[in-house]
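Numbering (numbering that gives the first Met the number 0), first residue to last: 0 to 346. Note that beta-carbon positions come from the ideal geometry of N, C-alpha and C, so glycine has one too. Everything numeric in this text was worked out from a predicted model, so none of it was measured.
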Amino acid sequence: MKKDYKNILIIKMSSLGDIIHALPSLYVLRKAYPKSRITWAVHPSFAGILPGKPWIDEIYLVDRKRIRQLSYLREVHHDLKARHFDLVIDLQMIAKSGIISFLSGCSERIGYQDGREGSFLASRPISGPHKKGHIIEQLLDVMRYLGCDVSEIEFPIHDYKKELSQVKDLLQKEGIVGPYVVLVPGTRGEQKKWPLSYWGELASSLSERGIYNVISGTAGEMDMGNRIKDMSPSPCTVNLMGRTNLLQLAALERLASLHISSDTGPLHIANAVHTPLIALFGPTLPDRSGPYGNPDSYVIMADHPGTKECRMDTIPVEKVLKKALDILESDIEDHHGTYYQPEQPVD
0 MKKDYKNILI IKMSSLGDII HALPSLYVLR KAYPKSRITW AVHPSFAGIL PGKPWIDEIY
60 LVDRKRIRQL SYLREVHHDL KARHFDLVID LQMIAKSGII SFLSGCSERI GYQDGREGSF
120 LASRPISGPH KKGHIIEQLL DVMRYLGCDV SEIEFPIHDY KKELSQVKDL LQKEGIVGPY
180 VVLVPGTRGE QKKWPLSYWG ELASSLSERG IYNVISGTAG EMDMGNRIKD MSPSPCTVNL
240 MGRTNLLQLA ALERLASLHI SSDTGPLHIA NAVHTPLIAL FGPTLPDRSG PYGNPDSYVI
300 MADHPGTKEC RMDTIPVEKV LKKALDILES DIEDHHGTYY QPEQPVD
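Here's what the structure looks like:
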């Protein structure tokens, strides 16, 4: 019989892609416990993507810079214990999430099966039928254990209607007057990066065909965007590096006709908003962390995937371009019905 939990803490503090992967678990948990209070512990830099009510009642911010300070840990313990959680779900299962789980003071603490860095000492790992499957399903196995119905894969993110309008205005100012492709060259880990020269060649090839392409990423990646723009000086290539927050990024992806990137957080945002996408994989394998639940996702693999010999430069630009043109030709006319089209063309 399913227990009637009243006050639940979810711990998933980082990173962007990992948090997106946990959202289907939030979806089924809320469906199973519609009257429970749900709190989500997260680092401030990723809090903006999390939904508010009815999905989450409170977002608890954990300062990653202070997490090793004893005085801060006492503060966290006081804060969390005062909330009287009757269930803690650690969907991260590493040392820092284990610390937060323990400091909650809750007697029932569970987590997903991959308990690393001693986190299994704080939260009981839950194994299920997808122990070796996609990370989304591994996390959902915890929800299955709790008796949740896992018949749907949904990604409840924060409402971004306001950001849709902001992004439309931004695109108009940049001269984008029709369907566009989002290019995200950055990712954590040099080994996962597709060569910058390949991105420049892809942007240039799209521009030569009159296809708008938007380079997206963080302010810290601005140099990459500038270098790609140098390789593709056409007005069809627009560099928006560092000019969108998380919700504006979600809006940018939602309005796009296609997303192209390697294994990175924005890929999973594009997947969550059901934008057609091309994912470039190599050192990491899509079977565990690739796009999931999106019928319009396509994965292109580097040679020797999942090994030390894998090199992303073995994915040729021509292969990515061909797949992009195939997707655009078949889908660009009716994708979402929401891509940016200004009332009057921009000169």
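| Check | Outcome |
| --- | --- |
| Start and end of the beta strand (DSSP E) containing Glu-57? | 57–60 |
| When we look at the beta-carbon of Asp-158 and count the other beta-carbons within 10 Å, is it buried (16 or more) or exposed? | exposed |
| How is the alpha helix (DSSP H) around Gly-199 delimited, first residue to last? | 195–207 |
| Based on the DSSP secondary-structure assignment, which residues constitute the bridge partners of Ile-299? | Leu-279 |
| Using the three-state DSSP reduction, which class does Thr-236 fall into: helix, strand or coil? | strand |
| DSSP puts Ile-125 in a beta bridge; with which residues? | Tyr-111 |
| Mind checking whether Gly-289 and Ala-278 have CB atoms under 8 Å apart? | yes |
| For the alpha helix (DSSP H) that contains Asn-225, what are its first and last residues? | 221–230 |
| On the DSSP bridge list, what partners appear for Asp-89? | Ile-10, Gly-110 |
| Find out if the Cβ-Cβ distance for the pair Ile-227, Gly-199 is shorter than 8 Å. | yes |
| Is the beta carbon of Gly-241 sitting closer than 8 Å to the one on Thr-217? | yes |
| Compare the C-beta of Lys-2 against all C-beta atoms of chain D and say whether one is closer than 8 Å. | This model lacks chain D altogether, as it is built from one protein chain only. |
| Do Leu-8 and Ala-40 have their CB atoms nearer than 8 Å? | yes |
| Could you tell me how far apart the beta carbons of Tyr-111 and Val-87 are, in whole angstroms, since I believe they sit closer than 8 Å? | The pair is not a contact, with the Cβ atoms about 13 Å apart (cut-off 8 Å). |
| Any idea which residues DSSP pairs Arg-310 with across the strands? | Asp-302 |
| Give every residue of the same chain whose Cβ lies closer than 7 Å to the Cβ of Pro-285, excluding the five residues on either side of it in the sequence, and list them in chain order. | Ala-278, Val-298 |
| Please list, in chain order, all residues of the same chain as Ser-261 whose beta carbon is under 6 Å from its beta carbon, the five residues on each side excluded. | Thr-186, Lys-191, Trp-193, Leu-279 |
| Classify Ala-46 as helix, strand or coil using the three-state DSSP reduction. | helix |
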